[in-house]
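Chains as they are written, first to last, in our numbering: chain A, 5 to 155; chain B, 6 to 632. C-beta atoms are modelled at their ideal positions from N, C-alpha and C, and glycine is treated no differently. Only a predicted model underlies this, so the values are computations on that prediction, with no experimental measurement involved. Let me begin by presenting the structure, written as structure tokens, before commenting on it.
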Amino acid sequence: MVDDQRFQTFLELSEAITGFGRVRLLGTGQAELYFATAERVVGHAIMDELLTAFADLPTRTPELLRLHLFGNEMLGDVVRNLVKLWFGGVWYQLPAIWQQAYGPAAEDGTFIPSPDAYVEGLMWVAIGAHPAGAKAPGFASWAVAPQIPLS
Amino acid sequence: MHLYMNIRRRNDLDALQQDETYDAVIVGSGPSGAILALELCQAGKRVLMLEAATETGKGFDGYQSLLTRFYSRVGKDNQSPFPVNPNALMPRGSELRKLASGETNSDSYIVQSGPYVSDTVYTRAFGGTSMHWEAKTPRMLREDFKTRTTFAQGLDWPLSYEDIEPDYRRVEREMGVAGEVEDHDGLDLSFPPGYVFPMHGLPLSYLDQQVGKGIDGSSVVLDGQTYPIKVRPYPQARNGVPNDKYDGGEGFTPQGAVASYQIDQGGRCQGNTNCVPLCPVQAKYHSGKTLAKAFATGRLDLLSQAVASKVSIDGATGLVSEIEVKVYHDPDHSAHRTIKVKAKIFILAANAIETPRLLLASGLKSSSGLVGRNLMDHAYLLNWALLPEVAGTFRGTSCTGGIVDLRAGSFRRNQAAFAVDIHNDGWGWATGSPFSDLQQLVDQRNMFGAELQKGLVDRLSRQLLLAFMIEVMPNESNRITVDPSYTDALGNMRPVLSMTIPDYTMRGAAYARQFARTIFSRLGAQDCTAYDPGDYGLVPYHGENYAIRGGNHLAGTHVMGTAKNNSVVDRDQRSWDHSNLYLVGGGSMPTIGTANVTPTLAALAYRSARAILRQLDGQTTAPSGLS
């Protein structure tokens, strides 16, 4: 079972770093898998530090997220990996220097946590397209201008 | 229409060895083998098909397992859906590295030496390379069949466009081609009066339309000639809207997914943007669709996991007596049993690398010595840019449109012709987009949240990749050989490839680069093309470097000609040396022009089927020359 409070914080963190709301994130069906994947790779303690650092932010502005998460020596690479995991469905191997300083993270590597993780990548949503090989928009849909959510 | 796949298998190896009732044995289950199987079986002949790979992909569940594997692979190259099988290996781009002149890489399935490394691939799977092909189906042009006479380049075919035209129409029916005759206006080819393709052409993508807005009606000057250019659709073997005028008003019924139970899917393309490496819904033609019909005759038997390893010749008659086959139980173990199979006619349809590999491994170089020589593949030069406005890239089929106005012209005396593809899948082929862009935006440009979403639109939705498919002429020193030092898990010799890109092609490549810059200027696009000096396919030419990619359009290695001394096969693809042996596929093609090879090699398969039926029915004995 996912620890509900920690998972809720992970979801709020995911909203802040992806720009997508929780309905969209939960709709991927991947949120629990991503939480478990990240925690399995970096360990419970580092995940706790990340969640605490996020929860302790007085406001969740891009500036504070940069200063305390993306700009944190240990947490920055982890949170960037979460962004890439949500947008691309791929967990990318952490930098060697991160491993030396904060590892060992024995389960680290570049991998796709499940076939659906690829299919649910949010970058395709962001550009008004669909993952190559899945969620096809239909015959001749390609002939009209794309519908881009943030445009 | 749904196609039932009910395979008839031969697992009784002892009985099979004794079986002398087959009219034909076919090696390979790709388009050539499938068309021959269907034509022969429909004429009442009994056929045994040998497939080196497993049967995965033959039915709906197996096909879906390939799709799931594709989703799961971090590196989504054109072989990513297909599992590694040490007993029937296939080339993979991921195995390649840059090689110095004379340096050899034997870690890859195809052994190559530097400096130029080809990343050409083919798929050893049930269905062959039709599983991963893009399914563009342009015909070759009339002048492509006589380049020696017309341009003093390459070789003339012993066939003309008119000889092959009816068979192109058979291919367009069998594969279900969507296209419009009027989109061929001005090209050096013709159709019978009133002809329409089975299905209407697929609409151009929004991306194609944006390019068209910028260049349609403009022109380029080459060798003193003015060539008007425009974006136009490619014909494709992909299900679209049937044309009710087809077949004299009979119309056309698209063939959807193949399965062993009812499944309604694939009757029309959905825009998965994944033709290569695997159409998720089987709206794209693959040879399983033809094989399903061949199995339904009850006269086709399949022996899979069966690698043809030697073609044996009867010394007295010069006829093929049997084919030696290594049959394995488990792809991950090399344990196998060697059996021999017999038939009246032997047909090698294993593709333009595997067929000569098998012949050479059998000691059969042919009287002309041309087996394995004249290896051709289109040379691709990629050019990529960012359009000024969002163009909705990453939607459509892999490619819907392009520029084909430089496929023909008097300039072919001096330099190669080309056809240009507009890639709906962005810069993927050139740079690894969109994943490489995501990494860059997050890791280097420190984007996240809404800013990242906008950054992705800015970076991905404006991408334009022009892929130039450049002609390569036959050259005897470009070749496949074998070497007993290099073998696979079953002890079969692997192909050794030697290739250099001829100057004729490089002049075309240099012009292609200039042509792309002209197009980008007219579009106001930001040219982002940059060839990595460490690229394994790097070719220096006149002070510039060009990264040349393979096209997977393999041809030439058992070339067709007019006589035993200038060719390996006659115009029916029958071996000059062994009258019960047919070598079918791209290997028979003397030139490839600027057309993807599959429609042409499939047309040749129909020709061979007629010749084989005449031969089986006792109407011919000698190979057919020009008379």
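Asked: Please determine, among R178(B), E177(B), R144(B), the residue with the shortest C-alpha to C-alpha distance to D193(B).; Found: R144(B)
Asked: Let me know if T61(B) comes out buried or exposed under the rule of 16 or more other beta-carbons within 10 Å of its beta-carbon.; Found: buried
Asked: So I475(B) and L380(B) are in contact, right, with Cβ under 8 Å, and what is the actual spacing, rounded?; Found: Rounded, the Cβ-Cβ distance is 16 Å, inconsistent with contact.
Asked: Keeping to the same chain, check which residues put their C-beta closer than 6 Å to that of F150(B); ignore five residues upstream and five downstream.; Found: W162, S165, Y166
Asked: Which residue spans inside the region 11-66 of chain B form an unbroken alpha helix (DSSP H) run of at least 4?; Found: 18-23, 36-47
Asked: Consult DSSP for M5(A) and reduce its assignment to one of helix, strand or coil.; Found: Here M5(A) scores only 47 on pLDDT, less than 50, and its place in the model is too uncertain to base an answer on.
Asked: Hey, how far is the Cα of G271(B) from the Cα of G245(B)?; Found: 10 Å
Asked: For a minimum of 4 consecutive residues, which ranges assigned as the alpha helix (DSSP H) are wholly contained in the region 30-69 of chain A?; Found: 35-46, 48-59, 66-69
Asked: Chain A partners of Y76(B), CB-CB under 9 Å?; Found: G93, I116, S118, P119, D120, A121, Y122, V123, P135, G137, A138
Asked: Distance, Cα to Cα, S314(B) vs A560(B)?; Found: 21 Å
Asked: So, under 8 Å CB-CB, T402(B) and C280(B) are touching, yes? Tell me the CB distance rounded to an integer number of Å.; Found: 5 Å
Asked: If the cut-off is 8 Å on Cβ atoms, which residues from the region 446-476 of chain B count as contacting chain A, listed in chain order?; Found: V447, D448, N451, F453, G454, A455, E456, L457, Q458, K459, L461, V462, L465, S466
Asked: Secondary structure at N110(B), three-state DSSP: helix, strand or coil?; Found: strand
Asked: Does any residue of chain A bring its CB to less than 8 Å from the CB of R273(B)?; Found: yes
Asked: So which residues of chain A does G217(B) contact, with C-beta pairs closer than 7 Å?; Found: What G217(B) touches in chain A: nothing, since even the nearest Cβ is about 12 Å away.
Asked: Could you tell me which chain A residues have their CB closer than 7 Å to the CB of R174(B), listed as they occur along the chain?; Found: Within 7 Å Cβ-Cβ: nothing; R174(B) doesn't reach chain A, min ~25 Å.
Asked: Take A521(B) as the anchor and find which of A390(B), S503(B), Y114(B) has the nearest alpha-carbon.; Found: A390(B)
Asked: Applying a beta-carbon distance threshold of less than 8 Å, which residues of chain A neighbour Y166(B)?; Found: Those within 8 Å of Y166(B) in chain A number zero; the least Cβ separation is about 32 Å.
Asked: Sorted by chain position, which residues of the same chain lie with C-beta nearer than 8 Å to L618(B)'s C-beta, five sequence neighbours on each side aside?; Found: E44, L45, A48, K50
Asked: Relative to chain B, which residues along the region 21-47 of chain A have a C-beta separation below 7 Å, given in chain order?; Found: I21, T22, G23
Asked: If we cut at 8 Å on Cβ distances, does M78(A) have a partner in chain B?; Found: no
Asked: Considering only the beta carbon of each residue, do G75(B) and T128(B) sit closer than 8 Å?; Found: In the sequence under discussion, the amino acid at residue 75(B) is Phe, which differs from the Gly named in the question. Cβ distance not < 8 Å, so F75(B) and T128(B) don't count as in contact.
Asked: Work out the CA separation of G256(B) and P361(B) for me, nearest whole Å.; Found: 41 Å
Asked: If Y68(B) sits next to Q287(B), beta carbons under 8 Å apart, how far is it from one beta carbon to the other, in whole angstroms?; Found: 7 Å
Asked: Anything in the region 188-215 of chain B with a Cβ closer than 9 Å to a Cβ of chain A? List those residues in chain order, please.; Found: L207, P208, L209, S210, Y211, L212, D213, Q214
Asked: Is DSSP giving H341(B) helix, strand or coil here?; Found: strand
Asked: Is the beta carbon of A530(B) sitting closer than 8 Å to the one on L446(B)?; Found: no
Asked: Identify the continuous beta strand (DSSP E) that holds K315(B) and give its terminal residues.; Found: 311-318
Asked: In terms of residues, what are the limits of the alpha helix (DSSP H) holding N85(A)?; Found: 79-92
Asked: Taking the alpha-carbon of I408(B) as reference, which of A422(B), G199(B), D249(B) has the nearest alpha-carbon?; Found: A422(B)
Asked: How many angstroms separate the CA atom of P207(B) from the CA atom of A130(B)?; Found: Checking the displayed sequence, the identity of residue 207(B) turns out to be Leu instead of Pro. Going by the C-alpha atoms only, they are around 28 Å apart.
Asked: Rounded to a whole number of angstroms, what is the C-alpha to C-alpha distance between L631(B) and R243(B)?; Found: At L631(B) the pLDDT is 42, less than 50, meaning the model places this residue with poor confidence; the figure from the coordinates comes in the next sentence. L631(B) and R243(B): Cα-Cα distance of roughly 36 Å.
Asked: Give the residues from the region 63-77 of chain A that approach chain B closer than 8 Å (Cβ to any Cβ), ordered along the chain.; Found: P66, L69, R70, F74
Asked: With C-beta atoms as the reference, is S292(B) less than 8 Å away from G181(B)?; Found: no
Asked: Taking CB distances under 8 Å as the criterion, tell me whether D430(B) reaches chain A.; Found: yes
Asked: Could you check what DSSP says for Q241(B) in three-state terms: helix, strand or coil?; Found: strand
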